[in-house]
Amino acid sequence: MKKRIGFLYLIIFLLPFIQLFKPTMVQAYSVPDRTSVYEHAPKGMKLNDFVTAPEYYTNTKTNDTTAFKSSSKIIRAGDSNNDSTDIIQLLDGSSTQKKQIGSFWGTVKDSNGNKTYNYFDLSKPQEISVWFYGGSKVDGYDGFAFVLQNDDLGDQAISRSNGVPTAGETLGVWGGGTPDNKTTTTKLSGASDGIQKSVAIEFDHYVNKTAGSFSNSVNDYLDYDKFSMSNPGNIVMNQLKTGHIAWNYPGDTATYMENSYSLILNNYFYNITHRGPVQNNSYFTGYDGLEVANSETQDPRNGWRHLKITYTPPTTGTTARLSYLINDKFPDGTDKMQTAQDSKTFSIDISKLIGTSDDKKVRWGFTASTGSPESSIDDLDMVIEKMPSIVDMKGTSQITDVTKNSSKTLGSTKELSTSDGDEIKLEQKLAYSGGISESGEIKATVGLPENVEYNGDANGVIGKMTYQDEDGTTKTQEINKSDLKDVTITIPGKYETDPPSYKTVKGFDVTIPSMNAIGDNSNIEVYGTVKGPESSTPITTSVSGVNTSYQADNYTGDTMSPDFVIDNEVLHIENTNSLSQELNLGDEAHFQGNISYLKGSTFDGEELLSNLEVYDQDGNKLSGVQKGDIQVDKGVKTGTYDIPYTLNGLEADKTYTFKLKLSDSKDRISNTLEYKIKIKPKKNLQLEVDNYRFQTINAGSKIGEYVKRSGNWDIDVNSTGTKWKLSAQSTGLFNKEDSSYSEPLYFIDKDLNAKSLNDDTLIAQQDTVNSGESQNTDVTDAWSEEDGILLKNEFPNLAGDYTGKIEWTLSETI
Numbered sequence: 002m003k004k005r006i007g008f009l010y011l012i013i014f015l016l017p018f019i020q021l022f023k024p025t026m027v028q029a030y031s032v033p034d035r036t037s038v039y040e041h042a043p044k045g046m047k048l049n050d051f052v053t054a055p056e057y058y059t060n061t062k063t064n065d066t067t068a069f070k071s072s073s074k075i076i077r078a079g080d081s082n083n084d085s086t087d088i089i090q091l092l093d094g095s096s097t098q099k100k101q102i103g104s105f106w107g108t109v110k111d112s113n114g115n116k117t118y119n120y121f122d123l124s125k126p127q128e129i130s131v132w133f134y135g136g137s138k139v140d141g142y143d144g145f146a147f148v149l150q151n152d153d154l155g156d157q158a159i160s161r162s163n164g165v166p167t168a169g170e171t172l173g174v175w176g177g178g179t180p181d182n183k184t185t186t187t188k189l190s191g192a193s194d195g196i197q198k199s200v201a202i203e204f205d206h207y208v209n210k211t212a213g214s215f216s217n218s219v220n221d222y223l224d225y226d227k228f229s230m231s232n233p234g235n236i237v238m239n240q241l242k243t244g245h246i247a248w249n250y251p252g253d254t255a256t257y258m259e260n261s262y263s264l265i266l267n268n269y270f271y272n273i274t275h276r277g278p279v280q281n282n283s284y285f286t287g288y289d290g291l292e293v294a295n296s297e298t299q300d301p302r303n304g305w306r307h308l309k310i311t312y313t314p315p316t317t318g319t320t321a322r323l324s325y326l327i328n329d330k331f332p333d334g335t336d337k338m339q340t341a342q343d344s345k346t347f348s349i350d351i352s353k354l355i356g357t358s359d360d361k362k363v364r365w366g367f368t369a370s371t372g373s374p375e376s377s378i379d380d381l382d383m384v385i386e387k388m389p390s391i392v393d394m395k396g397t398s399q400i401t402d403v404t405k406n407s408s409k410t411l412g413s414t415k416e417l418s419t420s421d422g423d424e425i426k427l428e429q430k431l432a433y434s435g436g437i438s439e440s441g442e443i444k445a446t447v448g449l450p451e452n453v454e455y456n457g458d459a460n461g462v463i464g465k466m467t468y469q470d471e472d473g474t475t476k477t478q479e480i481n482k483s484d485l486k487d488v489t490i491t492i493p494g495k496y497e498t499d500p501p502s503y504k505t506v507k508g509f510d511v512t513i514p515s516m517n518a519i520g521d522n523s524n525i526e527v528y529g530t531v532k533g534p535e536s537s538t539p540i541t542t543s544v545s546g547v548n549t550s551y552q553a554d555n556y557t558g559d560t561m562s563p564d565f566v567i568d569n570e571v572l573h574i575e576n577t578n579s580l581s582q583e584l585n586l587g588d589e590a591h592f593q594g595n596i597s598y599l600k601g602s603t604f605d606g607e608e609l610l611s612n613l614e615v616y617d618q619d620g621n622k623l624s625g626v627q628k629g630d631i632q633v634d635k636g637v638k639t640g641t642y643d644i645p646y647t648l649n650g651l652e653a654d655k656t657y658t659f660k661l662k663l664s665d666s667k668d669r670i671s672n673t674l675e676y677k678i679k680i681k682p683k684k685n686l687q688l689e690v691d692n693y694r695f696q697t698i699n700a701g702s703k704i705g706e707y708v709k710r711s712g713n714w715d716i717d718v719n720s721t722g723t724k725w726k727l728s729a730q731s732t733g734l735f736n737k738e739d740s741s742y743s744e745p746l747y748f749i750d751k752d753l754n755a756k757s758l759n760d761d762t763l764i765a766q767q768d769t770v771n772s773g774e775s776q777n778t779d780v781t782d783a784w785s786e787e788d789g790i791l792l793k794n795e796f797p798n799l800a801g802d803y804t805g806k807i808e809w810t811l812s813e814t815i
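Counting in my numbering, the sequence shown tops out at residue 815, every number present.
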């Protein structure tokens with residue numbers, strides 16, 4: 002008896018002490034009202050009859066179908082105080098009801114009761130995304146849960162205690178709670194009180210771990226996690242903190258642990274085992290995580306937070322993956338910084354939901370509640386961005402530096418480096434990949450990256466949209482510079498606790514026809530020219546991605562354009578040998594010059610790449626590109642290049658243009674130098690001389706006379722593409738029997754001037770060039786009997802045959 006009195010004395014003494022130091026969350030800033038929050042809600046899907054939100058929850062023990070009024074309801078766009086989009090209210094901050102439970106589920110069955118409607122197919126990859134508003138209080142509602150379930154109660158599945166719907170710490174999904182938050186002398190079956198055949202991810206604001214005791218018969222203990230287990234698996238222990246996210250199977254006996262204390266009768270209270278990995282201190286209530294001055298009012302747009310659930314089916318067996326990503330983007334689709342985002346992936350056993358059944362269709366939905374001792378009444382609203390079975394569409398984005406032929410897709414970690422003057426292409430693609438409904442006409446609002454000029458062609462065309470028409474043909478719609486307008490985008494704060502700011506960029510609206518068949522798609526392309534900030538020194542400018550949003554009756558989504566950087570440094574080349582050269586076929590041309598950076602940067606020691614293209618004199622590019630590596634020492638400001646090129650495979654007597662540019666390790670591309678090379682005409686110069694004779698010298702011939710030629714003399718010069726001259730030299734003709742007897746040879750020109758062939762004597766020449774065809778010139782055609790090469794009867798000689806040799810010299814002249 003003394004022990005009990007002493008124990009009671011200690012409790013009485015400590016309770017005021019504990020209450021005195023209980024932390025209180027202070028909210029000094031102002032908050033917008035719910036009407037303003039609704040007005041600024043992100044655009045979502047039209048809900049039609051795709052979801053079901055119960056008006057009442059049944060007491061399954063008494064079959065009272067109106068035992069508990071649900072706090073959930075669907076507020077359609079155009080209803081009172083809501084003109085923006087369809088909203089699902091899960092918890093009502095304007096109600097005086099302390100204990101609230103709300104839920105909604107995808108409407109699984111069609112009008113004939115068939116399970117063919119807005120279900121969750123465990124055999125296929127699935128994705129659900131919502132925007133949720135967690136009220137205006139820092140210490141607000143208890144929390145909510147995403148649930149996949151195959152409970153026989155269908156959309157009446159909710160947390161219960163012996164059949165009575167139970168709010169507070171249960172979050173609407175777990176068993177183990179009691180309607181009055183008190184311990185019970187009757188054992189509960191937490192497993193049967195939770196949603197059956199289900200898996201749940203809880204987003205729990207509070208750590209409910211107040212144990213029931215002699216002096217405080219409270220049942221607020223579900224989050225107690227300091228127990229020990231011999232085989233914990235992925236059950237966490239001593240990890241839960243405020244704002245935690247964890248998961249488990251609400252209808253599984255192993256999820257619950259029974260606790261009790263005894264007076265006369267045993268008093269029972271329960272905790273659940275949480276499976277990890279656990280995320281703590283996540284933001285999903287009020288405007289927590291955003292700091293503004295005490296005198297300021299929070300921006301209603303910042304009250305909406307994004308949540309995406311992704312499911313990956315088993316490859317074999319029954320182990321699937323379930324993931325969440327929370328606080329990943331702002332309402333306009335702009336990405337939040339990584340430190341603000343929370344994400345985890347769990348391995349789940351789908352046999353807990355469907356057993357061994359071949360039917361893989363289950364319900365999906367959300368539950369929520371408030372009413373535990375520390376919680377308060379507050380709003381929880383959701384806007385559905387994407388449902389798994391209604392319309393499944395995929396958006397992708399890519400930006401291409403056309404000048405450098407380099408691209409970056411959304412999600413890539415690659416850095417896309419551009420330069421001033423580069424042409425870029427932005428692409429936003431959207432494709433229909435399945436669903437039970439058509440998308441409806443889609444309004445796309447495309448925001449365009451800054452530091453890009455969108456001037457278009459001569460007609461102002463800056464891009465186009467291609468899409469599939471109803472008849473399956475591909476249609477094209479031009480996008481004109483005149484279509485541009487101001488589009489408001491979100492600028493994240495420097496730190497995750499800083500509220501975002503807003504500014505306008507250029508953009509445009511375009512309407513995409515409704516999509517309803519796999520393969521339907523659209524592609525929006527926009528071209529522009531990079532224009533970085535002016536600077537005389539090297540700078541790098543980061544250009545953030547900008548959001549493109551899609552809004553249709555049955556689909557809402559967005560994609561960000563990939564970010565890129567602008568490097569203002571300019572790689573420059575300057576020739577040091579002539580830009581105009583004349584060479585022969587087969588010669589090796591050389592292109593030489595200096596390399597530098599116009600902003601003064603030094604080289605990094607990496608090899609530069611040369612790119613040499615050849616064009617004919619009509620401007621046609623010849624096949625093939627010669628590439629090569631150029632080494633410049635690290636740290637220097639100037640380098641040199643000497644690029645050889647063998648002139649084969651070209652045509653003679655034609656001029657070719659060689660376009661040279663260089664690129665460095667950062668994909669900077671230099672200016673282009675144009676070298677002109679004329680290929681000299683093809684040359685040919687040949688001499689053909691036939692046998693030649695002179696007439697007989699008779700005994701009566703006079704001394705000093707010239708002896709005429711006998712027969713046809715053929716002295717042929719074949720020439721192509723060159724001037725020429727022909728000379729001859731001879732010591733005369735000599736007697737075969739006695740070489741001491743001889744006669745000299747002379748060349749007689751048209752003026753009858755005689756030149757001895759004892760000296761090299763010009764016989765003929767051509768001073769013009771026939772560059773195209775081969776030309777044959779018979780030198781003797783111009784001779785008469787009185788001129789040309791003649792034999793002179795200069796001495797009385799011994800009779801007989803005389804022979805001799807003429808040396809011919811045919812040479813090219815300039």
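From the three backbone atoms N, C-alpha and C, an ideal C-beta is built for every residue, glycine too. Please read these numbers as outputs of a predicted model, since none were measured by experiment.
Look at the Cβ atom of Leu149, then the Cβ atom of Phe105, and state whether they are nearer than 7 Å.
Looking up residue 149 in the sequence shown gives position 148. Looking up residue 105 in the sequence shown gives position 104. No; because the gap between Cβ atoms is not below 7 Å, this pair is not in contact.
Exposed or buried, which one is Thr357 when buried takes at least 16 other CB atoms within 10 Å?
Along the sequence shown, read from residue 1 onward, the residue named residue 357 stands at position 356. Exposed: under 16 other Cβ atoms inside 10 Å.
Would you mind giving the Cβ-Cβ distance between Asp143 and Gly169, rounded to the nearest angstrom? I have them listed as a contact below 8 Å.
Indexing the sequence shown from 1 puts residue 143 at position 142. Indexing the sequence shown from 1 puts residue 169 at position 168. About 6 Å; that satisfies the 8 Å criterion.
Give the single residue among Thr723, Ser775 and Ala729 whose Cα lies nearest to the Cα of Ile716.
One-based indexing of the sequence shown puts residue 716 at position 715. Nearest option by C-alpha distance: Ala729.
Under three-state DSSP, which class holds Arg669?
Here residue 669 refers to the residue found at position 668 when the sequence shown is read from its first residue. Of the three classes helix, strand and coil, the one that applies to Arg669 here is coil, per DSSP.
Can you pull the DSSP bridge partners for Asn757?
On the sequence shown, residue 757 is found 756 positions in, with the first residue counted as 1. Correcting the residue identity first, residue 757 is Ser in this sequence and not Asn. In DSSP, Ser757 forms a bridge with Tyr747.
Residue interval of the alpha helix (DSSP H) (run including Ala192)
For the purposes of this step, residue 192 is identified with residue 191 of the sequence shown, where counting begins at 1. Unbroken alpha helix (DSSP H) run through Ala192: Gly191 to Asp194.
Assign Ala518 to buried or exposed, taking buried as 16 or more other Cβ atoms, counted over all protein chains shown, within 10 Å of its Cβ.
Here residue 518 is taken as the residue at index 517 of the sequence shown, counted from 1. Burial call: exposed.
Cβ atoms of Val131 and Met383: under 7 Å apart, would you say?
Within the sequence shown, numbered from 1, the residue matching residue 383 stands at position 382. Within the sequence shown, numbered from 1, the residue matching residue 131 stands at position 130. For Met383 and Val131, yes; Cβs fall inside 7 Å.
Can you check which of these residues, Phe228, Arg694 and Lys426, is closest to Asn713 by C-alpha distance?
As a position in the sequence shown, residue 713 is number 712, starting the count at 1. Residue Arg694 is the option with its Cα nearest to Asn713.
I'd like to know whether the C-beta atoms of Ile644 and Ser611 end up nearer to each other than 7 Å.
Numbered from 1 along the sequence shown, position 643 holds the residue referred to as residue 644. Numbered from 1 along the sequence shown, position 610 holds the residue referred to as residue 611. Yes, these two residues count as a Cβ contact at 7 Å.
At what residues does the beta strand (DSSP E) containing Glu128 begin and finish?
In the sequence shown, the residue the question calls residue 128 occupies position 127. First-last of the beta strand (DSSP E) with Glu128: Gln127 to Tyr134.
Hey, quick one: how far does the beta strand (DSSP E) through Val488 stretch, first residue to last?
Taking the sequence shown and counting its residues from 1, the one referred to as residue 488 is at position 487. That run of the beta strand (DSSP E) goes Lys486 to Ile492.
Looking at Ser671 and Ile574, is the spacing between their C-beta atoms short of 7 Å?
Sequence index remark: in the sequence shown, residue 574 carries index 573 (1-based). Sequence index remark: in the sequence shown, residue 671 carries index 670 (1-based). Contact: yes.
The alpha helix (DSSP H) with Val38 in it runs from where to where?
Counted from its first residue, the sequence shown places residue 38 at position 37. From DSSP, the alpha helix (DSSP H) with Val38 extends over Arg35 to Glu40.
Closest by CA to Asn235, which one among Val279, Val363 and Leu264?
One-based indexing of the sequence shown puts residue 235 at position 234. Nearest option by C-alpha distance: Val279.
Where the alpha helix (DSSP H) containing Leu354 begins and where it ends
Along the sequence shown, read from residue 1 onward, the residue named residue 354 stands at position 353. Unbroken alpha helix (DSSP H) run through Leu354: Ser352 to Ile355.
By how many angstroms is the C-alpha of Ala321 removed from the C-alpha of Thr549?
Against the sequence shown, residue 549 aligns to sequence position 548. Against the sequence shown, residue 321 aligns to sequence position 320. Approximately 32 Å between the Cα atoms of the pair.
Quick one: which unbroken beta strand (DSSP E) runs of 3-plus residues sit fully inside the region 486-551? Chain order, please.
486-492, 502-513, 522-531 and 541-544
Would a C-beta distance cut-off of 7 Å place Ser373 and Ile102 closer than the cut-off?
In the sequence shown, residue 373 corresponds to position 372, counting from 1. In the sequence shown, residue 102 corresponds to position 101, counting from 1. In this structure, Ile102 does not lie closer than 7 Å to Ser373 by Cβ.
What does a CB cutoff of less than 7 Å around Asn239 pick up in its chain, not counting 5 residues either side in sequence?
In the sequence shown, residue 239 corresponds to position 238, counting from 1. For Asn239, where only same-chain residues beyond five positions count, the Cβ hits under 7 Å are Asp226 and Lys227.
Which term fits Gln429, buried or exposed, when burial requires 16 or more other beta carbons within 10 angstroms of its beta carbon?
Here residue 429 corresponds to residue number 428 of the sequence shown, with the count starting at 1. Classification for Gln429: buried.
Out of Lys677, Phe509, Thr63 and Pro514, point me to the one whose CA is closest to Gln618's CA.
Here residue 618 refers to the residue found at position 617 when the sequence shown is read from its first residue. Here the closest residue by C-alpha is Lys677.
At what residue ranges does the region 320-392 contain a whole run of the alpha helix (DSSP H), taking only runs of 4 or more?
352-355
Rounded to the nearest angstrom, what separates Glu614 and Gly601 at their Cα positions?
Taking the first residue of the sequence shown as 1, we reach residue 614 at position 613. Taking the first residue of the sequence shown as 1, we reach residue 601 at position 600. About 28 Å.
Taking contact to mean at least 3 C-beta pairs separated by less than 8 Å, is the region 254-264 in contact with the region 150-160?
no
Using the Cα positions of Val511 and Asp554, report the straight-line distance between them to the nearest angstrom.
In the sequence shown, residue 511 corresponds to position 510, counting from 1. In the sequence shown, residue 554 corresponds to position 553, counting from 1. Straight-line Cα distance between these residues: approximately 16 Å.
Smallest Cα separation from Asn522: which of Gln339, Glu442 and Ser344?
In the sequence shown, the residue the question calls residue 522 occupies position 521. When only C-alpha atoms are compared, the closest one is Glu442.
Starting from Met46, follow the beta strand (DSSP E) in both directions and report where the run begins and ends.
Within the sequence shown, the letter at position 45 stands for residue 46. Premise fails: Met46 is in no beta strand (DSSP E) and is neither H nor E.
Can you pull the DSSP bridge partners for Asn64?
Translated into positions along the sequence shown, residue 64 becomes position 63. None, per the DSSP bridge assignment.
For Asp393, which residues in the same chain have their Cβ closer than 7 Å to its Cβ, ignoring the five residues on either side in sequence?
By 1-based counting over the sequence shown, the position of residue 393 is 392. Excluding sequence neighbours, Asp393 sits near Ser434, Gly435 and Gly436.
Output the distance between the C-alpha atoms of Glu813 and Asn578, rounded to the nearest integer angstrom.
Residue numbering aside, residue 813 sits at position 812 when the sequence shown is read from its first letter. Residue numbering aside, residue 578 sits at position 577 when the sequence shown is read from its first letter. Answer to the nearest angstrom: the Cα atoms are 28 Å apart.
If the criterion is Cβ atoms closer than 7 Å, does the pair Gly45 and Thr108 meet it?
Within the sequence shown, residue 45 is the residue found at index 44, counting from 1. Within the sequence shown, residue 108 is the residue found at index 107, counting from 1. Contact: no.
When you compare only the Cα positions, how much space is there between Thr737 and Asn754?
The sequence position of residue 737 within the sequence shown is 736, counting from 1. The sequence position of residue 754 within the sequence shown is 753, counting from 1. For the sequence presented, residue 737 should be read as Lys rather than Thr. Whole-angstrom Cα-Cα distance: 30 Å.
Beta bridge counterpart(s) of Thr475 as assigned by DSSP
For the purposes of this step, residue 475 is identified with residue 474 of the sequence shown, where counting begins at 1. BP columns for Thr475 point to Gln469.
For the beta strand (DSSP E) holding Lys793, just list the boundary residues, first then last.
On the sequence shown, residue 793 is found 792 positions in, with the first residue counted as 1. That run of the beta strand (DSSP E) goes Gly789 to Lys793.
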